[in-house]
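Put into structure tokens, the structure is as follows:
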């Protein structure tokens, strides 16, 4: 009888790699836990910052404690780590905050899973227990949520509290009252639309953070052309993205043979005539303000000035897009059919000074909710981090205006969910109950890390908090200013229900996906083809 050879057969291309079973699982766990450990020191109101150094020639410096910003800047090779980085980005895009919490929770779940697998509990049993735990935690969070959407005064207080809570873990924590009011005022101007494009943020060096303010209207960081009107009322604005030199004959880029300097003058005159024709076509739109994304050049600028039209050149693409949105106009690139072009309108355009810089102010715009936040600060790094912090607050507030339910912060919601999961585990027979307990333990790790980052005795505080929740003090959480537990309702530490819900679901789904992995196959690196045609 012929014997079958048991020698291993390599089915992959040369250079491809495979990690199997426990090796693959361990590799995934280590990568994901490392990402969680990287950002967990930034969690909470007393979290620390990270310095990120750019790899380019300029060696740009970013100082931040924003989880999404840190993870975007970190290049990772581990596939499980990439899953957590992508999850953090989605959390940032969806709700704007909770990027660190979601990463840390997923990492803690996988840390617990590693312990359970070492005890020979199968991944599918762990996943089944986690799913039931997630459902129980979700229900507990839903029951604890408060909704003041119908009470304008209480809802505005909720928004202020949410804004303060979001900013308390950021650079702006010492000025959180000032920026909380600013963010709430900006979001309430949106009248529930949640369109954050209508809120423009401008950063200007100089002054202190408390000099930042909200301006009703739109600010464009450009200057008005020479000899042109500096103030226009009831403006009809043509917003364009067109090259004002496209019709020029490029004298220095072309070879033109002439027999006298008079012929050169004729060519220049023809060129000027073409530019003049284009300006005349633009003026036929009945405008008194022309804003172009590209350069306008001296001669067309003179023609606009002679016609009493304000011309603004080189408005950046984002500025032009936002300006078109808030003034109700459209960006044009051809001017042969004025009846088809939609002009923008505003009541007043004028120059304003901020610090030492001149900006153009558009007030009474078509989109009445449009506004500009002017941030002031001592260094560019402070301004950049202030913008990121404010962006998080604005995103959370915009979400809360749509989904008006709120929950309490300071670890209160996590302990509440952990208690619900523990109660379910105590009623569940079999190994699934162990998986549920591990889920509750991972949830309790979030307030533990918050206390650790503040330098307090986390074991003592969490045991006190757990005892308080067992006594049905369901609004109790961590007061990191005093280093004690306290009533979050009295302290006004409120968070968005949507942020917490998204954090729970995203972390559970990502951890489950990584736990399912039992094989990692890496494709062979692409071979470099030698260049047979060198320069």
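Residue numbers (our numbering): -16 to 518. Positions of the beta carbon are idealized from the N, C-alpha and C atoms, including for glycine.
Checklist entry - Would you call the segment 378 to 386 and the segment 72 to 83 touching, i.e. three or more CB-CB distances under 8 Å? => result yes
Item to check | 7 Å Cβ shell around residue 331 - same chain, five flanking residues per side excluded | outcome: 216, 346, 347
Checklist entry - DSSP on residue 292, reduced to helix/strand/coil? => result coil
Checklist entry - Could you give the uninterrupted runs of the beta strand (DSSP E) lying entirely in the segment 242 to 312, keeping only those of 3 residues or more? => result 272 to 275, 293 to 295
Next on the checklist: Excluding the 5 residues flanking residue 370 on each side, which residues of the same chain have their C-beta closer than 8 Å to its C-beta?
Outcome noted: 184, 186, 358
Next on the checklist: Restricting to Cα atoms, I'd like to know which of 444, 223, 141 is closest to residue 431.
Outcome noted: 444
Checklist entry - Is it true that the CB of residue 67 sits closer than 9 Å to the CB of residue 18? => result yes
Checklist entry - What residues in its chain sit with their C-beta under 6 Å from that of residue 224, if we drop five residues either side in the sequence? => result The residues are 276, 314, 316.
Item to check | Secondary structure of residue 463, DSSP reduced to three states | outcome: Coil, per DSSP.
Item to check | Residue span of the alpha helix (DSSP H) that contains residue 87, given as start and end | outcome: 82 to 101
Checklist entry - Sorted by chain position, which residues of the same chain lie with C-beta nearer than 7 Å to residue 166's C-beta, five sequence neighbours on each side aside? => result Shown here for residue 166: same chain residues with a beta carbon closer than 7 Å to its own, the five before and five after excluded, namely 146, 373, 376, 377, 380 in chain order.
Checklist entry - What alpha helix (DSSP H) runs, 4 residues minimum, are completely inside the segment 121 to 198? => result 135 to 150, 159 to 171
Item to check | Where residue 117 sits in the DSSP three-state scheme | outcome: It is helical.
Checklist entry - Bridge partners of residue 329, per DSSP? => result 218, 348
Next on the checklist: Looking only at its chain, what residues have a beta carbon closer than 6 Å to the beta carbon of residue 56, apart from the 5 residues adjacent to it on each side?
Outcome noted: 35
Next on the checklist: Taking only three categories from DSSP, how would you classify residue 231?
Outcome noted: Confidence at residue 231 is low in this model, with a pLDDT of 49, below 50, so its placement is unreliable and the value that follows should be read with caution. In the structure shown, residue 231 sits in coil (DSSP, three-state: anything other than H, G, I, E or B).
Next on the checklist: Three Cβ pairs or more, each shorter than 8 Å: is that satisfied between the segment 479 to 497 and the segment 390 to 400?
Outcome noted: yes
Checklist entry - Among all the DSSP beta bridges, which residues are the ones paired with residue 449? => result DSSP, once it has assigned bridges, lists no residue as partnering residue 449.
Checklist entry - In chain order, what residues of the same chain have a beta carbon less than 8 Å from the beta carbon of residue 231, not counting five sequence neighbours either side? => result For residue 231, the predicted structure reports a pLDDT of 49, less than 50, and the residue's modelled location is therefore unreliable. A value from the coordinates is still provided. Closer than 8 Å at Cβ, skipping near neighbours: 254, 257, 258.
Checklist entry - Is it the case that the Cβ atoms of residue 405 and residue 428 are separated by a distance below 9 Å? => result no
Item to check | Sufficient close CB pairs (3 or more, under 8 Å) joining the segment 150 to 161 to the segment 131 to 142 | outcome: At 8 Å Cβ cutoff, the stretches do not touch.
Checklist entry - Do you know whose CA, among 302, 13, 461, 111, lies nearest residue 182's CA? => result Residue 182 has its Cα closest to that of 302, out of 302, 13, 461, 111.
Checklist entry - Mind checking residue 498: buried by the 16 CB within 10 Å criterion, or exposed? => result buried
Next on the checklist: If contact is defined by three or more beta carbon pairs under 8 Å, each pair taking one atom from either stretch, is the segment 285 to 293 in contact with the segment 260 to 269?
Outcome noted: yes
Checklist entry - What are the residues that DSSP puts in a beta bridge with residue 343? => result 203, 334
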